[in-house]
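Undergrad:
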Amino acid sequence: MEVEAISNEIVKPSSQTPENLRRYKLSFLDQLSPKAYSPFIYYYELADHNTNEPNYISEISNKLKKSLSQALTLYYPLAGRFIDDHFLDCNDDGVPYFEARVLYTELSSVLENPIPCELNKLLPLELDEIAESPLGVQLNVFECGGIAIGLCFSHRLEDALSCLVFVRSWMAIARGENDVVMQPEFISGDLFPTRNMRGYDPTFSIKKNMCTTNITKRFVFDARKIEALRAKYEERKSEEGIINNQNVRNWRLSRITVVSTFLWSRFMAATKSLKSEAGKNYVILHPVNIRTRCDPPLGEHSFGNYYTTAATVGTITSTCTGEEYCYGLAGKIGEETRRIDKEFVKKNIQEKGDELVEHIKKDTESFIKEEVVGLVITSLCRFPLYEADFGYGKPTWVSSAARGFINLISLIDNRAEDGIEAYICLKAEDMAKIEVDKEFLAFVSPNMAAHVKTAKKKMSNN
1 MEVEAISNEI VKPSSQTPEN LRRYKLSFLD QLSPKAYSPF IYYYELADHN TNEPNYISEI
61 SNKLKKSLSQ ALTLYYPLAG RFIDDHFLDC NDDGVPYFEA RVLYTELSSV LENPIPCELN
121 KLLPLELDEI AESPLGVQLN VFECGGIAIG LCFSHRLEDA LSCLVFVRSW MAIARGENDV
181 VMQPEFISGD LFPTRNMRGY DPTFSIKKNM CTTNITKRFV FDARKIEALR AKYEERKSEE
241 GIINNQNVRN WRLSRITVVS TFLWSRFMAA TKSLKSEAGK NYVILHPVNI RTRCDPPLGE
301 HSFGNYYTTA ATVGTITSTC TGEEYCYGLA GKIGEETRRI DKEFVKKNIQ EKGDELVEHI
361 KKDTESFIKE EVVGLVITSL CRFPLYEADF GYGKPTWVSS AARGFINLIS LIDNRAEDGI
421 EAYICLKAED MAKIEVDKEF LAFVSPNMAA HVKTAKKKMS NN
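Position 426 of the sequence shown, counting from 1, maps to 426 under the UniProt record's numbering, and the rest follow consecutively.
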């Protein structure tokens, strides 16, 4: 896929940011977040619109830019620039906005065979670069008339939920529905003040030339396969000797826990043949949204990084692929996630943040020395991905891209929200093992088409 940039400009807030809001305090959780971009790409076929009009792209672009300018007045930090690890200057420098044409490729071809590393060409900024601008936008126009809007958000400033709530607000403004847009809250710096992070490098896991040093591939779990996995794991709960706790026995495994457990077990199975890995600890890391775990609870319009990480430890053994072992993993993941409650947030993040920093520094050192193997699994399932309607209908598909990390899996709902797309980023040798793992392939579809067109209804003569 060849993408040619045809214009670039800076979109600034429609109203100047007041002087008293110019200095935005970052939070302790912002400091812990990777200095990388989070990618989102929204695809629109525009099948019900007249894309043959000569000015239709100009109309769409102008609509997006005007509404973006208005949205930036509410979300003014996105138009600023980072000063250091403690503050962001809300100077209204604006958001880089690019327009590009996709040559010799129709949108349908991308939807039928999406290749993550190729999708990066639809993004405005390089994902293996340290994030400097809080946001970048790229409008991509396909020869068939369809479009893709590529967005890069700096993880230094906000988590995935804040990104998606911003997109939803921006698109509501584009539709002229300003009255449904809620005012964001910028209080994370007060709730979680910055701390001394000397010795901690949030860029250590970002890999340069990522499409050659590691591989990202997309695999799809359909609803039937997820339920089959859930049934396999939950069957163990009723068997004597597996779980004795009645409360746990009645707890139903979530889709994310089921898929995460399966992926983790197959990742360990792919490396357990290596003698050097025998007995080595594997840690699965799940980012957990703590908004509802704060006291008092915070709403989704609380802007920033509001997450901590649930860490679950497993060890390579000769039985690490068995169903009983997998259910044990599922139980551990659930326990670690539930452990992060209001008391945990208050005690371990707000009151003992310095101790948490030291703990994270030690863990990071263990990962760097490869004493511990970490696998990060992030989930955007049940997030408002498909609410990005700027007046031309909801997107046909929403995707991630190839990320600049190793041992990262991103889970995203499919459009029907019954299946899960997994973007798996691994070293080339690990990916080669996963791709021939029969147990893995029995439950996933490698790079299934992103969207199946439905037949158009015939016009009635009545």
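Where is the CB? At the ideal position from N, CA and C, for every residue including glycine.
Return helix, strand or coil for TYR306, following the three-state DSSP convention.
TA: coil
Undergrad: Out of SER108, VAL345 and ILE115, point me to the one whose CA is closest to TYR306's CA.
TA: VAL345
Undergrad: Are the CB atoms of SER366 and VAL372 within a distance shorter than 8 Å?
TA: Here VAL372 is near SER366, since their CB atoms are less than 8 Å apart.
Undergrad: Using the beta-carbon count (16 or more within 10 Å), is ASN247 buried or exposed?
TA: Because the pLDDT of ASN247 is 48, which lies under 50, any placement of that residue in the model is unreliable, and the number read from its coordinates should be weighed accordingly. Per the 10 Å Cβ criterion, exposed.
Undergrad: So, at 6 Å on beta carbons, what are the nonlocal neighbours of SER14 in its own chain, with the 5 sequence-adjacent residues on each side left out?
TA: SER69, GLN70 and THR73
Undergrad: Evaluate ASN244 with the Cβ neighbour count: other Cβ atoms within 10 Å of its Cβ, from every protein chain shown; 16 or more gives buried, anything less gives exposed.
TA: Caution applies to ASN244, whose pLDDT of 46 falls short of 50 and renders its modelled position unreliable; the value that the coordinates give is listed next. ASN244 counts as exposed, since fewer than 16 other beta carbons sit within 10 angstroms of its beta carbon.
Undergrad: Could you compute how far the alpha carbon of HIS155 sits from the alpha carbon of GLU227?
TA: 33 Å
Undergrad: For ASP389, which residues of its own chain have a beta-carbon under 7 Å away from its beta-carbon, when the five flanking residues on both sides are left out?
TA: MET171 and ARG175
Undergrad: Can you grab the Cα-Cα spacing for the pair LYS427 / ARG22, in whole Å?
TA: 42 Å
Undergrad: Would you give the residue range spanned by the beta strand (DSSP E) that GLU9 belongs to?
TA: 2 to 11
Undergrad: So what does DSSP say about ILE115, is it helix, strand or coil?
TA: coil
Undergrad: For TYR43, count neighbouring C-beta atoms within 10 Å of its own C-beta (all shown protein chains included) and say buried if the count is 16 or more, exposed if not.
TA: Buried is the label assigned to TYR43, since at least 16 other Cβ atoms lie within 10 Å of its Cβ.
Undergrad: Thinking C-alpha only, which one of ILE6, GLU19, LEU32 and GLY328 is nearest LYS361?
TA: LEU32
Undergrad: Can you name, in chain order, every residue of its own chain whose Cβ lies under 6 Å from the Cβ of TYR56, other than the five neighbours on each side?
TA: none
Undergrad: Of all the options THR308, PHE142 and GLY331, which has the alpha carbon lying nearest to the alpha carbon of GLU235?
TA: GLY331
Undergrad: Measure how close the beta-carbons of LEU127 and ALA270 come, nearest whole angstrom, since I'm counting them as under 8 Å.
TA: At roughly 25 Å, the Cβ-Cβ gap does not stay under 8 Å, so LEU127 and ALA270 are not in contact.
Undergrad: Spell out the partners DSSP gives ASN140 in its beta bridges.
TA: ALA100 and ALA148
Undergrad: Excluding the five sequence neighbours on either side, which residues of its own chain have a C-beta within less than 6 Å of the C-beta of VAL93, listed in chain order?
TA: It is Asp, not Val, that sits at residue 93 in the sequence shown. If we look at ASP93 and ignore the five residues flanking it on each side, its Cβ neighbours are ARG81.
Undergrad: Give the single residue among GLU143, VAL95, ILE149 and GLY145 whose Cα lies nearest to the Cα of GLU132.
TA: VAL95
Undergrad: May I ask you to list the residues that DSSP assigns as paired with PHE153?
TA: SER38 and LEU135
Undergrad: Which stretch, first to last residue, makes up the alpha helix (DSSP H) that contains ARG224?
TA: 223 to 235
Undergrad: Give the single residue among HIS359, LYS225, ILE290 and PHE186 whose Cα lies nearest to the Cα of VAL444.
TA: LYS225
Undergrad: Which of helix, strand or coil does DSSP assign to PHE82?
TA: strand
Undergrad: Quick check: the segment 295 to 310 against the segment 16 to 30, are there 3 or more CB pairs under 8 Å?
TA: yes
Undergrad: How would you call GLN138, buried or exposed, if buried means at least 16 neighbouring beta carbons within 10 angstroms?
TA: buried
Undergrad: Figure out for me which residue from THR308, THR257, LEU122 and THR216 has the closest Cα to the Cα of GLY353.
TA: THR308
Undergrad: Considering only residues of the same chain and omitting the five flanking positions on each side of PHE186, which have a CB-CB separation below 8 Å?
TA: TYR24, PRO77, PHE303 and GLY304
Undergrad: From the DSSP output, read off the bridge partner residues of ARG415.
TA: Per DSSP, none; premise fails for ARG415.
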